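Okay, structure first, notes after.
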Amino acid sequence: MAQKYKTDHRFDRSNVPSLRSWESKNLTPGIKVENDVVLDCGWGRLIFGHTFRNQQNLVNVLLQERPGKRDIAIYLRDPHVVLSLAPQDLFMDPSHTYRLWLDNYYPGKALPRRFVIRRISFRKDCREINKIYSTWGMVNSQEDFLWANRNSRRIIVLVAEDVPRGEIIGTVTGVDHKAVFNDPENGSSLWCLAVDPQAPHPGVGEGLVRHLAENFMARGRSYMDLSVMHDNKQAIALYEKIGFQRVPVFCIKHKNPINEPLFTSFTEEHRLNPYASIITREARRRGISVEVLDWETGHFSLTFGGRTIVCWESLSELTTAIALCRCDDKSLTRRILENAGLNTPEQIKAGEAEKNHEFLKKHGSVVVKPARGEQGAGISVDVRTIEDLDKACRAASRVCQSVIIENYIQGQDLRIIVIDFKVVAAAVRRPARIVGTGRHTIKQLIQKQSRRRAAATGGESKIPLDSETRRCVAEQGYDLDDILASEFRLEVRKTANLHTGGTIHDVTADLHPELARAAQEAARAINIPVAGLDFLVKDVKKPEYVIIEANERPGLANHEPQPTAQRYIDLLFPQTVS
0 MAQKYKTDHR FDRSNVPSLR SWESKNLTPG IKVENDVVLD CGWGRLIFGH
50 TFRNQQNLVN VLLQERPGKR DIAIYLRDPH VVLSLAPQDL FMDPSHTYRL
100 WLDNYYPGKA LPRRFVIRRI SFRKDCREIN KIYSTWGMVN SQEDFLWANR
150 NSRRIIVLVA EDVPRGEIIG TVTGVDHKAV FNDPENGSSL WCLAVDPQAP
200 HPGVGEGLVR HLAENFMARG RSYMDLSVMH DNKQAIALYE KIGFQRVPVF
250 CIKHKNPINE PLFTSFTEEH RLNPYASIIT REARRRGISV EVLDWETGHF
300 SLTFGGRTIV CWESLSELTT AIALCRCDDK SLTRRILENA GLNTPEQIKA
350 GEAEKNHEFL KKHGSVVVKP ARGEQGAGIS VDVRTIEDLD KACRAASRVC
400 QSVIIENYIQ GQDLRIIVID FKVVAAAVRR PARIVGTGRH TIKQLIQKQS
450 RRRAAATGGE SKIPLDSETR RCVAEQGYDL DDILASEFRL EVRKTANLHT
500 GGTIHDVTAD LHPELARAAQ EAARAINIPV AGLDFLVKDV KKPEYVIIEA
550 NERPGLANHE PQPTAQRYID LLFPQTVS
């Protein structure tokens, strides 16, 4: 009989508990259930609609949403009636609800040793959770709230920790309905699943979902629900793989600026890449008019109070043609910075082979790059042999006829964002790495990593399967078709550029004052109002550095949660500063 019961509710949705039947359960003798249940989750409130007997009371609660929060009303008996009571203020969330029946759940394989899943244990865990939320545009929770609820029976916040690095790479929140309001249906739910888009490990999201499910299963809960956007195919595929089934449960939310994309019609502005859209979103938030001038390149204009400025991502009309020229030519950039008394690497213009080879012999290792170019195209790093040097020069010349060779300096790749000659953000960029599984080839791991990076960056970040990747892999004694041992980390690129699969890690709070001063002086020497200065440093907390490049169009979206877009709009329209 037990097996028959499992089979029935697994394939017959008619066995999903009825929201209307919940009221009768609420009247069952001996079961005392709370009414009008609202749970603060930090990022907003969960409003359990089936506990409200008066729909107007539910609407009143939704309309009391606090600024900057995202409340969710779920398990509504009559969502159409709720909407009719405040049609100008509420909307039906375009998400599906999925349910995992825990008595029919089959645990997955044991987690790999490369990451562990645990409760919040340290204050810094709370900060790291919010960093991941910010990466995905999710509403943050107050650190004090997360810390105060770290041992809560009602709200369970889990984190995934990268064991070797000690970094938080994912988080999920669970709500125990039985603990919250003595739910007669014995349910639970999953919220806020988020994985660091730069996490090198596969399976982090699945591990978090399974860990939470097994936690609720151990408590004797009957099911675990979740809400997922109807077009999030990647997440839906994961949930269905685990065993979740679609159920007819709907959510209603309050119309606010956070939710605006969910209740407004699709506009072509959604076609802008992440580097442009972070700016246009901030502009629209301040009442600045946005007009896209060219969809192919993403040029747009911003207008406020009779002032119009044309932008291409973070490059605006405020950057002069002279400043642009100074950044575009890497040889010229170096000379300007050197004349300003700033530290730069030794450099020559590639020419006759003999001259190039002598420079390599002198330094032992060099960097070869086109004098003009962006997004890491044509750059070869840590070139040590004459054969590789000649190949690198040919590769760079395909991007730009003029090629530069400079001495390779080991250190952390640091990008500092300077806006209006002030440091706004700093981040260490790391080259693309993969982690072995003992089952997949290096090529397969690179492809998997590329898909995750592309999904997280709107297609902006991928690891190329080109000659430079093959060279980096071969230099470490591997071939792309080799199976990489489980847990083994392999660096597959030397450059840390985001567009070639690199990752970026915020270090603004740790930046040494001398590095900040050098970045500001570099921006003044070039006379550019918005710049991304590329440094090589031994340690971001120490003063030693060399500046290797200046970028006139830095990607501001790469530095969230730092307020790069806000400071950019402050520069363009100072009258809108609140």
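Take the sequence shown: its letter number 435 is residue 434 in numbering that gives the first Met the number 0, and every next letter is one higher.
Where is the CB? At the ideal position from N, CA and C, for every residue including glycine.
Quick caveat: nothing in here was measured; it's all calculated off a predicted structure.
Original post:
Pick from Cys191, Phe303, Arg383: whose alpha carbon is nearest that of Gly173?
Top reply: Cys191
Original post:
Straight-line CA distance for Arg432 to Gln87?
Top reply: The alpha-carbon of Arg432 is positioned some 49 Å away from that of Gln87.
Original post:
Can you tell which of Val194, Gly437, Pro256 has its C-alpha closest to the C-alpha of Ser485?
Top reply: Gly437
**OP:** Report the residue from Gln244, Gly186, Pro201 whose alpha carbon sits nearest the alpha carbon of Ala601.
**Re:** Outside the displayed span of the chain (0 to 577) sits residue 601, for which this structure offers no information.
Original post:
Buried or exposed: which applies to Met228, given that a residue is buried once 16 or more other Cβ atoms fall within 10 Å of its Cβ?
Top reply: When all chains shown are included, Met228 counts as exposed.
Original post:
Is there contact between the stretch 277-285 and the stretch 494-505, where contact requires at least three CB pairs shorter than 8 Å?
Top reply: no
Subject >> Rounded C-alpha distance that separates Tyr74 from Ser94 >> reply: Taking the straight line joining both Cα atoms gives about 13 Å.
Subject >> Ile46 - partner residues in DSSP beta bridges >> reply: In the DSSP assignment, Ile46 forms a beta bridge with Val37, Ala72.
Original post:
What's the gap between the Cα of Leu570 and the Cα of Ile308?
Top reply: For Leu570 and Ile308, the distance between alpha carbons rounds to 11 Å.
Subject >> Limits of the beta strand (DSSP E) - the one that Arg280 falls within >> reply: Taken as a continuous stretch (DSSP letters only), Arg280 belongs to no beta strand (DSSP E), being part of the alpha helix (DSSP H) at 273-284.
Subject >> Selected residue, minimal CA-CA separation from Glu386, among Ser364, Gly286, Pro369 >> reply: Residue nearest to Glu386 within the set Ser364, Gly286, Pro369 is Ser364 (criterion: CA-CA distance).
Original post:
When you compare each of Tyr274, His200, Ile416 to Leu532 by their alpha carbons, which one comes out closest?
Top reply: Nearest in C-alpha terms to Leu532, of all of Tyr274, His200, Ile416, is Ile416.
Subject >> Neighbourhood of Ala564 by C-beta distance below 7 Å, restricted to the same chain and skipping five residues each side >> reply: Ile277, Ile278, Glu281, Leu555
Subject >> Cα-Cα separation between Lys447 and Arg270, rounded to whole angstroms >> reply: About 25 Å.
**OP:** Would you kindly work out how many angstroms separate the C-alpha atoms of Asn150 and Pro199, rounded to a whole number?
**Re:** 29 Å
Original post:
Quick one: any contact between the stretch 455-469 and the stretch 410-424, if contact means 3 or more CB pairs under 8 Å?
Top reply: Short answer: they don't touch.
Original post:
Helix, strand or coil: which one does DSSP assign to Trp135?
Top reply: coil
**OP:** Find the nearest neighbour of Ile503 within the set Ala518, His558, Pro463, judged by alpha-carbon distance.
**Re:** His558
Original post:
Looking at Arg220 and Leu101, is the spacing between their C-beta atoms short of 8 Å?
Top reply: yes
Subject >> Three-state class that DSSP yields for Arg397 in the structure shown >> reply: coil
Original post:
Which residue's Cα is closest to the Cα of Ser577: Val115, Arg325, Gly286, Met137?
Top reply: Gly286
Subject >> Spatially closest choice to Arg383 from Arg397, Gln400, Leu359, by CA coordinates >> reply: With distances taken between Cα atoms, Arg383 lies closest to Leu359.
Original post:
Around the Cβ of Leu336, are there at least 16 other Cβ atoms within 10 angstroms (buried) or fewer (exposed)?
Top reply: buried
Subject >> Straight-line gap, Arg98 to Trp311 (C-alpha atoms, nearest Å) >> reply: Inter-residue distance for Arg98 and Trp311 is about 44 Å (C-alpha atoms, whole angstroms).
**OP:** Please go through the same chain and pick out, in chain order, the residues whose beta-carbon is closer than 7 Å to the beta-carbon of Glu213, but skip the five residues on each side of it.
**Re:** The residues Pro106, in chain order, have a CB closer than 7 Å to that of Glu213 in the same chain once the five nearest residues on each side in sequence are set aside.
Original post:
Could you give the C-beta distance for Val194 and Val203, rounded to a whole number, given that I count them as a contact under 8 Å?
Top reply: 5 Å
**OP:** Measure the C-alpha to C-alpha separation of Ala322 and Ala508 and round it to an integer number of angstroms.
**Re:** For Ala322 and Ala508, the distance between alpha carbons rounds to 29 Å.
Original post:
Measuring CB to CB, does Tyr407 end up less than 8 Å from Asp381?
Top reply: yes
**OP:** For the beta strand (DSSP E) holding Glu405, just list the boundary residues, first then last.
**Re:** Counting along the chain, the beta strand (DSSP E) containing Glu405 begins and ends at 402-406.
Original post:
To which residues does DSSP link Ser379 through a beta bridge?
Top reply: The partner list for Ser379 (beta bridge, DSSP) reads Val367.
**OP:** Kindly indicate which three-state DSSP category Phe243 falls into: helix, strand or coil?
**Re:** coil
**OP:** Evaluate Gly476 with the Cβ neighbour count: other Cβ atoms within 10 Å of its Cβ, from every protein chain shown; 16 or more gives buried, anything less gives exposed.
**Re:** exposed
Original post:
With DSSP run on the structure shown, which of helix, strand or coil describes Ile432?
Top reply: The sequence shown places Arg at residue 432, not Ile. In the structure shown, Arg432 sits in a strand (DSSP, three-state: E or B).
Original post:
Near Gly48, what residues of its chain come up, given a Cβ to Cβ distance below 7 Å and the 5 sequence neighbours on each side ignored?
Top reply: Leu57, Ala72, Ile73, Tyr74, Leu75, Arg76
**OP:** Report the residue from Leu514, Gly305, Ala85 whose alpha carbon sits nearest the alpha carbon of Lys540.
**Re:** Of the candidates Leu514, Gly305, Ala85, the one whose C-alpha sits nearest the C-alpha of Lys540 is Leu514.
Original post:
For Leu331, which residues from the same chain have a beta carbon less than 8 Å from its beta carbon, with the 5 sequence-adjacent residues on both sides left out?
Top reply: Cβ neighbours of Leu331 beyond the five flanking positions: Cys324, Arg325.
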